[in-house]
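Chains as they are written, first to last, in this note's numbering: chain A, -14 to 130; chain B, -14 to 130. C-beta atoms are modelled at their ideal positions from N, C-alpha and C, and glycine is treated no differently. This one's a predicted model, so the numbers in the text were calculated from it and none came from an experiment. Okay, structure first, notes after.
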DNA sequence: TCTTTATTGCAATCTGTTTGCATTTACCTT
DNA sequence: AAGGTAAATGCAAACAGATTGCAATAAAGA
C-alpha cells in the first residue's frame, strides 16, 4: 500500500493501523470509484483462507466512514455499499449516483447539480439545513446496446 | 370505507376483498399523504386485539404496490415505508421526498423536476431508460424554529 | 520489552422481511 | 342459499444484513 495520506488520516484520527483495516482499505483501493458491499469485501479478503471476520469489516467501515475516508450508500433498500473517498472528494464532497438495472453497477456521477435551485425554493417555504441525494437508474452505456 | 375507486381497482386486478386488505387500506387512508411502515400498520390494526398477522400486511402491501395502489419508499436504509397513492398520482406519477432530521416525517414534494435536464445530458453520454429518485433532508418548517 | 487501551474474533442477538404449508375464506356457480 | 375452488391467511421457521457483549489479542507509546 502506497497512498500515504490514507495512513496519515487514520493515525491523525487516533485509530490504530491494524491488519483488518489494512485489508479492507486495500480492497477498497482496488475497487477505485466503485461501490462494494461488506460481504463482497469479506469474500475478497478471505477467498484463500479466513484472515478477517465480517464483524471487523463492518466495524472498520463504520470507523472509516466516521473519519470521512469511506462513503456509505444505501441504494434502494439493498445491502449497503461502500467506497473509498478520494483525496479530492474531501474538498468537493457532493455526488450523484447511477445504478444500472442490467449489470447492477453503481457509478458516481460528477456533474453540475441543478437540485440547488430546488433547494432554494424550499428554503423560501420554511425548510432549512437542506441536503439531498439523487439516485438515477436505467441502462449504462455498456449495457445499452 | 367509502372510496369506491380503490375497491374497483382491487377487483379489476383480480384480487379478493379480504379483511386484512381492508384493514391495511383503512390505515393507509387515514395516513393520507404520509408514509408508514409495515410495523406501524400492524400496531395500529392490532392495538386492541390481534386481528391480522404481520405477514399478511407485508403481502397486502406487496400486492397493492403491484397494482399501483401503494408506493414503497426505502429511505436511507431504514425500514420500508408505504403510502396510498391518490387517484391523481396514477396519472401524474413522479415525486420527490423530503425527510425531516428532527421529527423523522417524510413528505411528498410536488414540484417541478429539473432533474430532467440532467437526464438529457446523460442520454447524450450513452445512458438510457433513465429514471430517478430525489430524496432531500433537513429541517421541515415546523421543526425549523 | 512492558503496559495500556483499542481492536479483534466469535457467538449470540437483532430487525425487517420472506417462505412453506396446512387451514380458512372470498366469491363464482348452481 | 349451499357448494366448490382457487386465492389468501396465520403461524412458525428461515432469511439477510447488521450489531453487540465479552474475553482474548495486538498496536503503539513509554
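{"Check": "Cα-Cα separation between residue -14 of chain A and residue 107 of chain B, rounded to whole angstroms", "Outcome": "With a pLDDT of 47 at residue -14 of chain A, under the threshold of 50, the modelled position of this residue cannot be trusted; read the value that follows with caution. Straight-line Cα distance between these residues: approximately 35 angstroms."}
{"Check": "Cutoff 8 angstroms: residue 27 of chain B Cβ touching any chain A Cβ", "Outcome": "no"}
{"Check": "Limits of the beta strand (DSSP E) - the one that residue 114 of chain A falls within", "Outcome": "113 to 124"}
{"Check": "Boundaries of the beta strand (DSSP E) in which residue 41 of chain A is found, first to last residue", "Outcome": "Looking at the DSSP string, residue 41 of chain A is not in any beta strand (DSSP E); the run it does join, the alpha helix (DSSP H), is 39 to 51."}
{"Check": "Test: residue 112 of chain B CB closer than 8 angstroms to a CB of chain A", "Outcome": "yes"}
{"Check": "Residue of A/123, A/38, A/111, A/129 minimising C-alpha distance to residue 124 of chain B", "Outcome": "A/111"}
{"Check": "Length of the line joining the Cα atoms of residue 31 of chain A and residue 58 of chain A", "Outcome": "23 angstroms"}
{"Check": "Span of the beta strand (DSSP E) around residue 131 of chain B", "Outcome": "Because chain B here runs from -14 to 130, residue 131 of chain B falls outside it and cannot be looked at."}
{"Check": "Whole-Å CB distance - residue 122 of chain B paired with residue 84 of chain B, under 8 angstroms assumed", "Outcome": "5 angstroms"}
{"Check": "Per-residue contacts from residue 55 of chain B into chain A (C-beta, under 8 angstroms)", "Outcome": "What residue 55 of chain B touches in chain A: nothing, since even the nearest Cβ is about 15 angstroms away."}
{"Check": "Residue environment, residue 23 of chain B, which counts as buried when at least 16 other CB atoms sit within 10 Å", "Outcome": "buried"}
{"Check": "Chain A contacts made by the segment 16 to 45 of chain B, where a contact means CB separation under 8 angstroms", "Outcome": "none"}
{"Check": "Proximity below 8 angstroms, CB of residue 0 of chain A to CB of residue 12 of chain A", "Outcome": "no"}
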